[in-house]
Amino acid sequence: MEVREFTSDADGRFVFDQQLLAGRNRLRMTVTDEIGRQQSTDREIMVGDVVADWNAVLLNVVRDWTTTSNDPYLGRIVTSRAPEVARALALAHVAMFDAISLIEGGYLPYTTIDVAALSNTNSASSVAAAAMAAHDVAINLYPEPRERAVWAATLAESLAAVPDAQAKQFGIEVGKSVAAAVLAMRENDGSIGMSDYAPGDQPGQWNRPAPAYLPPLVPHWGSVKPLAVEDITTYRPRTAAGVKQPSLCRGGWRSDAVGPAG
Numbered sequence: 712m713e714v715r716e717f718t719s720d721a722d723g724r725f726v727f728d729q730q731l732l733a734g735r736n737r738l739r740m741t742v743t744d745e746i747g748r749q750q751s752t753d754r755e756i757m758v759g760d761v762v763a764d765w766n767a768v769l770l771n772v773v774r775d776w777t778t779t780s781n782d783p784y785l786g787r788i789v790t791s792r793a794p795e796v797a798r799a800l801a802l803a804h805v806a807m808f809d810a811i812s813l814i815e816g817g818y819l820p821y822t823t824i825d826v827a828a829l830s831n832t833n834s835a836s837s838v839a840a841a842a843m844a845a846h847d848v849a850i851n852l853y854p855e856p857r858e859r860a861v862w863a864a865t866l867a868e869s870l871a872a873v874p875d876a877q878a879k880q881f882g883i884e885v886g887k888s889v890a891a892a893v894l895a896m897r898e899n900d901g902s903i904g905m906s907d908y909a910p911g912d913q914p915g916q917w918n919r920p921a922p923a924y925l926p927p928l929v930p931h932w933g934s935v936k937p938l939a940v941e942d943i944t945t946y947r948p949r950t951a952a953g954v955k956q957p958s959l960c961r962g963g964w965r966s967d968a969v970g971p972a973g
């Protein structure tokens with residue numbers, strides 16, 4: 712346990728710097744007056760990585776997320792769909808990245824945002840900004856009451872680690888502005904949509920596999936605007952291999968022959 716001594720000024724005030732470690736920090740401050748009277752106060756301060764903390768909470772929520780579907784049977788429970796989870800995590804991390812970058816510098820922001828319209832980014836808390844940005848994105852994507860409670864509790868814990876000062880308020884303002892910009896930028900990215908894709912029974916056409924015969928997973932996702940590349944078609948093969956090519960047919964026959972044998 713580290714013990715340090717400080718002397719107050721004429722008005723009885725004192726200020727000191729204390730390096731805190733990641734995790735739970737317990738501090739005890741004991742004040743002694745001129746005639747030896749003492750009074751102590753204890754404080755517990757949690758210190759974490761705001762980005763890692765929000766990432767962990769987001770993962771916990773998406774793991775628990777469920778909905779229902781009546782295809783192919785009534786009341787089927789549907790868990791989080793990987794493409795939608797990837798988008799949600801990406802937007803939250805983009806928001807945190809931009810919020811921190813606008814304050815600490817060093818990187819170009821992903822979103823287009825008017826820095827001049829923000830109040831005192833130079834003196835804002837990047838922790839408060841990142842937490843607020845992640846909160847506002849998360850609550851937009853997962854707005855159910857039980858999820859909102861998680862976001863509120865996580866935000867409160869993140870902001871509790873930031874001293875109550877102008878830097879905290881400035882950071883909150885930056886985080887809100889960045890989150891709004893990220894959500895506006897991706898509002899019409901194609902993720903909210905339907906597809907008229909119908910299974911087929913011809914070679915090369917997808918069909919529902921046994922035993923559950925579940926419907927296709929977000930078949931419209933090929934039309935979603937990418938986050939990191941301009942045009943996804945540049946990463947696709949120039950020509951698709953025909954399903955009736957001899958080499959492909961031989962491979963299929965070989966798989967059928969070897970598969971049952973283990």
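Positions in the sequence shown are counted from 1; adding 711 to them yields this note's numbering.
Beta carbons: idealized from backbone N, C-alpha and C, even for Gly.
Own chain residues within Cβ distance below 7 Å of residue i, not counting five before or after
| i | result |
| --- | --- |
| V772 | Y853, E858, V861 |
| V762 | M807, A841 |
| R739 | S751, D753 |
| A692 | Nothing can be reported for residue 692, as the shown portion of the chain is limited to 712 through 973. |
| V935 | D900, G901, S902 |
| L894 | V848, N851 |
| T779 | G786, R787, I788, V789 |
Other residues of its chain near residue i: CB distance less than 8 Å, five sequence neighbours each side excluded
| i | result |
| --- | --- |
| Q749 | T741, V742, T743 |
| E713 | none |
| Q677 | Lying before the first or after the last residue shown, residue 677 is absent from the chain, which here runs from 712 to 973. |
Pick from the options that is closest to residue i, judged by C-alpha positions
| i | options | result |
| --- | --- | --- |
| D809 | A871, V826, A721, V768 | V826 |
| I788 | I903, T777, I943, R798 | T777 |
| P820 | V889, Q730, L800 | V889 |
| M905 | Q730, L928, P914, A797 | L928 |
| V796 | G817, I811, V768, P783 | V768 |
| A921 | A876, E898, P783, V805 | P783 |
| I903 | I883, P948, W932, P910 | W932 |
| F881 | A801, S834, D907 | S834 |
| A801 | N781, A844, G759, A872 | A844 |
| E815 | R737, G747, V885, F727 | V885 |
| H804 | L829, N766, L770, S780 | N766 |
| R715 | Q729, D722, A721 | Q729 |
| A939 | P856, A721, A876, R897 | R897 |
| G759 | N851, A839, R792 | A839 |
| E755 | D775, L866, R737, A895 | R737 |
| Y924 | I850, N781, L813 | N781 |
| P926 | Y908, D912, L894 | Y908 |
| K887 | A828, Y818, R798 | A828 |
With 16 other Cβ atoms within 10 Å as the buried cut-off, status of residue i
| i | result |
| --- | --- |
| T944 | exposed |
| L785 | exposed |
| T832 | buried |
| L731 | exposed |
| R947 | exposed |
| D775 | exposed |
| A793 | exposed |
| L770 | exposed |
| D847 | buried |
| I883 | buried |
| A867 | exposed |
| A799 | buried |
Contacts around residue i, its chain only, beta-carbon distance under 6 Å, and the 5 residues preceding and following it disregarded
| i | result |
| --- | --- |
| T790 | T777 |
| S719 | F725 |
| I824 | A892 |
| P937 | I943 |
| I811 | S837, A841 |
| F717 | F725, F727 |
| V873 | S836, V838, A839, K879 |
| T865 | V768 |
Distance between beta carbons of residue j and residue i, contact taken as under 8 Å
| i | j | result |
| --- | --- | --- |
| S869 | D764 | 7 Å |
Any C-beta of chain C under 8 Å from that of residue i
| i | result |
| --- | --- |
| Q729 | Going by chain labels, chain C is absent from the structure shown, which holds only one protein chain. |
### Query
Taking only runs of the alpha helix (DSSP H) that begin and end inside the segment 784-827, which ones reach a length of at least 4 residues, in chain order?
793-815
### Query
What are the uninterrupted segments assigned as alpha helix (DSSP H) that are 4 or more residues long and contained completely in the segment 815-890, given in chain order?
837-852, 856-871
### Message
Which runs of the alpha helix (DSSP H) at least 4 residues long sit entirely within the segment 712-787? Give them in chain order.
### Response
761-775
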